[in-house]
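Per my numbering, the very first residue in the sequence shown carries number 4; after that it's consecutive.
Using N, Cα and C, we set each Cβ at its ideal position, and we do this for glycine too.
None of the values given here were measured: they were computed from a predicted structure.
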Amino acid sequence: MIERSSPANRSAFNEDAIRSLPSSVVFQTHLGELRSVTQATPMGQRVSSIQLAETAAPTVTRPSILVVDDEPLYVELIADILGDEYEILMANEGMRALEIATIKMPHLILLDLIMPGIDGYEVCRRMRADQRTCDIPVIFITGLGEVAAEAKGLKLGAVDYITKPINPELVRARVNTQIRLKLTRDKLSQLAATDGLTGLANRSYFDKMLAYEYARHIRSGTELSLILLDIDQFKAFNDTYGHVGGDDCLRRIALAISGVVVRATDLVARYGGEEFVLLLPETHLSGAVMLAEKVRNCISDLALAHRLSSAGHVTASLGVASGRFFPGSSIPDLVQKADLQLYIAKAGGRNRVAFSAIEGLGRCIGQNGS
Ligand SMILES: [Mg+2]
């Protein structure tokens, strides 16, 4: 179990967990920003034993391209052609290419067909079968006249091909086109997953990640926690300060929650209206309750005026549910359990945290309110 308070553990955990997430939908929501994992998590040290080169300025904003070829001459030539515009990663055989692709998640892969060990077809097939790499476009590098080989590569999901001997202008043109398409797709994916008002993940994205994390936690046998948060007496706040004031309140609370949630693998989302949800992978109940208390305190500390609130300022109630799930169980409604705790927190007087642990099929094994 990961201790939330250990920076060393947190770092190692983040890296492993991020690597296991779907590449097309991964982002973190700290401070309301949406950032791709490759931008958020420099992984240079992990791949230092691999033939890896990062050219030119040490910026992380340039799109990255993985060049895979068993002939160093071609790798260096392509790096020379594209290195001014892109971050270039290199591999000289298929298994290393898969390793780098999984860790670094480049925007594009230029993949030689004929290599010792696993060939380009097999690399492409394995990438397509892995949800972490299935969305990374692949351009095959082939010899002249290999029409059948090109057709087979395209059927495997390659987006284009480049023929040897390499023509620099054609390489630039084909690569630029595919990078532009990839960046557009990534942007659309992020927009589709974002709540427009707060900049947090939206309900749709949360639902996807809950299903994903649930399946992952059945395999790992570790605990998954969830916090539901509701702003107290928000209807009265809107009635008093208007909807513009209400929207500003929601934005400030979203920012405050994001500032408290420091693990990149935790997800903060707007659940709907004045409700927020925190999905906490591999987190036991005590860690989740501790985080819920921090969130409650940080919202209270904002001291947003609310004259119809008994506290005189904006507060929130939070329900926490945490559990370990097993194969063969029905999908436990973690949200429902957290929602029940939220109801208990509200009924107990608001501005508080209530929590519950569940096991297996959702049997309640403990319950408390504070
Ligand atoms: Mg070759």
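Comparing alpha-carbon positions, the option among V162, E90, G262, R188 lying closest to L203 turns out to be G262. For T286, the CB contacts under 6 Å within the same chain, skipping 5 residues up- and downstream, are S228 in chain order. Scanning its chain for C-beta atoms nearer than 7 Å, with the 5 sequence neighbours on each side dropped, one finds around S312 the residues D235, Q236, T318, in chain order. For the pair of segments examined, the stretch 187 to 195 was found not to touch the stretch 282 to 301: the number of CB pairs separated by less than 8 Å stays below three. 8 Å or more divides the Cβ of V356 from the Cβ of A350.
Distance from the CA atom of P119 to the CA atom of A152, rounded to whole angstroms, is 16 Å. Using a Cβ distance threshold of 8 Å, F240 and H309 count as a contacting pair.
Distances from the CB of E74 to the heavy atoms of ligand 1 include at least one below 7 Å.
Taking the Cα of A196 as reference, the smallest distance to any Cα among V298, L270, K155 is reached at L270.
If you look at M93, you'll find it in the beta strand (DSSP E) that goes 90 to 94. For the stretch 145 to 174, the full-length alpha helix (DSSP H) segments reaching 4 residues or more read 150 to 158 along the chain.
Counting only runs of 4+ residues, the alpha helix (DSSP H) found wholly inside the stretch 62 to 118 occupies 75 to 85, 97 to 107, in chain order. Between L113 and V71, the C-beta gap is smaller than 8 Å, which places the two residues in contact.
When the alpha-carbon of D122 is set against those of L159, I139, E88, L92, the nearest one is in L159. Judged by DSSP in its simplified three-state form, F328 adopts coil rather than helix or strand. For the set V280, R254, K155, the Cα lying nearest the Cα of L307 is the one of R254.
Beta-bridge analysis with DSSP links L229 to L282, A324.
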